[in-house]
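Numbers 1 to 400, taken from the UniProt record's numbering, label the letters of the sequence shown in order.
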Amino acid sequence: MAYYRQVGEVPPKRHTQFRDGEGRLFREELMGEEGFSSDSSLLYHRGVPSAIVGAEVWELPDQTRTPNHPLKPRHLRLHSLFPSGAADPVTDRRLVLGNNDVRISYVVTGDASSEPSPYYRNAIGDECVYVEAGSGTVETVFGALRYRAGDYVVIPRATTHRWVPAPETAGPSRLYFIEASSHIAPPKRYLSRYGQLLEHAPYCERDLHGPGEPLLREGEDVEVLVKHRTSAGVVGTRMTYATHPFDVVGWDGCLYPYTFNIEDYMPITGKIHQPPPVHQVFEGHNFVICNFLPRKVDYHPLAIPVPYYHSNVDSDEVMFYVGGDYEARKGSGIGLGSISLHPGGYAHGPQPSAIEASLGAESFDESAVMVDTFAPLDLGEGGLACEDPAYAWTWASDRG
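Given below as structure tokens:
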């Protein structure tokens, strides 16, 4: 995220000596994207950030992918995946959909009595986590982020962090993980050439909340689970660090984790139905993230407020229904906690009965998170486990 922040203590000049009150040198770490050619931050550690004392294989959760063949639309009921809750947000994620560019997983955590997750680092790409329900804290090497329902939690690649339930939370957190093989950022059309969010953007820097102070922890032989790449694909390693990775006394730069709540997104509306790109919130390599929120709808006297039928010629469309009553899907079995997958090569749109029912509507009370990918999505084991097999035929159910 290309706007500058400073948290904690940093020296007046980068790459110069910086010592504590007893004369001990802090270790400077540059964390940067695209080599030395994009956003970065400088972190100042008490210990040595490279000092590991152990490395062992970590067996990842099931990453098996099954092609969507024969081709058909899918309905996945995520709320059926964790009937008892109390899963770990790192080690118990269930893969729902994925390709080589992006993977979508889901987990329902324990309540306030649960233990924090293991320390974790995703070295494959950025993670954008939508908080469907619940609250808590993400502790990171940059500091702590409080999260709540409706937040996107954006965690840059290789950021060491862990998930901690909120002490006051009575129920679990429902977390929807969008894991990229790239970086995730605001759409380029929202940004000036220097990286500022422009006036036509549906949100601005005031809506992005990064860590406010360092999060200092002491400890030795601290284990961090690392997801990373090899020539054989995505794998995991358990790294043991000589000192605690959360030993940063200060940092500054333009790369850091942050939260953004969908309540702070200002929907763009029009006289006739607006296409999905007006709802875009983030983008990664070969995919985009949009959110559809409560809003005034089309005001042309002959407008049809629900979407027109459309062919995803170049993309697969994934909608996660998180609030309200989604007008275009009435009669399909879709409800809160549902995912619809409408793949490329298939024309899709509203249920036939929803079109007439929407005429004259002035507003929609609905919330959904959409991921559009430009490579086909496979089904993960979690997706296969919660599929509604009747969904593909629902457009034909009221023919005649």
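Cβ coordinates follow ideal geometry from the N, Cα and C atoms, glycine included. Small disclaimer: the values here were computed from a predicted structure and weren't measured.
Counting every other CB atom within 10 Å of its CB across the protein chains shown gives D314 a total below 16, marking it as exposed.
Between the C-alpha atoms of R27 and G344 there is a straight-line separation of about 49 Å. Annotation for G344: no alpha helix (DSSP H) segment contains it, and DSSP assigns it neither H nor E.
Nearest to A385 by C-alpha distance, out of H15, L78 and R46, is L78.
Selection L216, A87, R146 and V129 evaluated against T137 yields R146 as nearest (Cα-Cα). Residue range G233 to T243 is occupied by the beta strand (DSSP E) that includes A242.
In this chain, the beta strand (DSSP E) harbouring L175 covers R174 to A180. Annotated three-state conformation of T64 is coil, per DSSP.
DSSP, read as helix, strand or coil, puts S114 in coil. Exclusion of the five residues before and after E33 leaves D39, S40, P156, R157, H183 and L255 as the residues of its chain whose Cβ lies within less than 8 Å of its Cβ. By the Cβ criterion, the region 164 to 176 is not in contact with the region 234 to 244, since fewer than three pairs of Cβ atoms, one from each stretch, lie closer than 8 Å.
Here P187 is not near Q63, since their CB atoms are 8 Å or more apart.
DSSP, read as helix, strand or coil, puts Y391 in helix. Counting other Cβ atoms within 10 Å of its Cβ, D20 stays below 16 and is therefore classed as exposed.
Nearest neighbour of V288 by Cα position, chosen from G8, T160 and A180, turns out to be A180. For S353, the three-state secondary structure derived from DSSP is helix.
S358 carries a helical assignment under DSSP once its states are collapsed to helix, strand and coil. Residue state for S80 is assigned as helix, using DSSP reduced to three classes.
Cα atoms of M266 and V278: separation of roughly 10 Å, rounded to the nearest angstrom. Under DSSP, Y326 forms no beta bridge with any residue.
In this chain, A396 is not harboured by any alpha helix (DSSP H), its DSSP state being neither H nor E. When C-beta atoms of the region 303 to 318 are compared with those of the region 205 to 223, fewer than three pairs fall below 8 Å, so the two segments do not count as touching. Assignment of beta-bridge partners to Y265 by DSSP yields no partner. Excluding the 5 residues flanking it on each side, A87 has same chain C-beta neighbours closer than 7 Å at V107, V108 and T109, in chain order.
DSSP places G136 in no alpha helix (DSSP H) but in the uninterrupted beta strand (DSSP E) bounded by G136 to T140.
Note that the C-beta distance between V141 and L42 is not below 8 Å. The way I'd put it, the region 49 to 67 does touch the region 370 to 385; three or more beta-carbon pairs between them come closer than 8 Å.
Between the beta-carbon of H209 and that of Y258 there is about 6 Å, and that keeps the pair under the 8 Å contact cut.
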